[in-house]
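Visitor: In our numbering, the protein residues as written are 196 to 387.
Ideal Cβ placement from N, Cα and C applies to all residues, glycine included.
If you want it as structure tokens, here you go:
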């Protein structure tokens, strides 16, 4: 097996990052919480914080769940993508602001093709957690406006171009856990 990344940050979204009514939402990263460990499972992730467990808003059991058919309970993003977004949109695109569950140090940027094949994430007990069904995390209008430094407004050509630029995995990827495990920083992601 080949190591394709190492986890350098773990976080949960305690609540929606796009609160409010459709058409009047803005992207607000303040509900993000860094945690020392995640309990990862098929229904999503639970942050293991000093204050106790914290359900991610994409966990199927969250009271305001944003989970869609168990397909988006775990997200990941290579650190290199932040460098690219920062060069394009500015220094407010700090690591973690896109809301991914796992930030990984990698050899470079990823495309969907990098996630094809058997993937396994190293667990805290030294085991391997199978990850399946990768998908591109398409950027939303609100995150695209946030990148541009804009609030509520029309979905004009500039916003549409940002959405295109942030597509194809630049904004990140969803993947499903085929089992459950505790994940900590330093965990390696294997392919093959």
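1. Within 8 Å, do at least three Cβ pairs link the stretch 275-284 to the stretch 306-326?
2. Roughly how many angstroms separate the alpha carbons of residue 263 and residue 269, rounded to a whole number?
3. The alpha helix (DSSP H) that contains residue 337, what's its start and end?
4. In three-state DSSP terms, what is residue 259?
5. Going by CA-CA distance only, name the one from 285, 244, 214 that's closest to residue 261.
6. On a CA-only basis, which of 334, 314, 332, 333 is nearest residue 325? Give me that one, please.
7. Taking 8 Å as the cut-off, decide whether the C-beta atoms of residue 245 and residue 379 are in contact.
8. Using the C-alpha atoms, what's the distance from residue 348 back to residue 306?
9. On the three-state DSSP scale, how would you describe residue 201?
Guide: Working from what's here:
1. They do not touch, by the three-pair rule.
2. Residue 263 and residue 269: Cα-Cα distance of roughly 11 Å.
3. That run of the alpha helix (DSSP H) goes 336-343.
4. DSSP places residue 259 in coil when its eight states are reduced to three.
5. Ranking 285, 244, 214 by Cα distance to residue 261 puts 214 first.
6. Comparing Cα-Cα distances from residue 325 to each of 334, 314, 332, 333, the minimum goes to 314.
7. In terms of Cβ geometry, residue 245 and residue 379 do not form a close pair [threshold 8 Å].
8. Distance between the alpha carbons of residue 306 and residue 348 is about 30 Å.
9. Looking at residue 201 - three-state DSSP - the assignment turns out to be strand.
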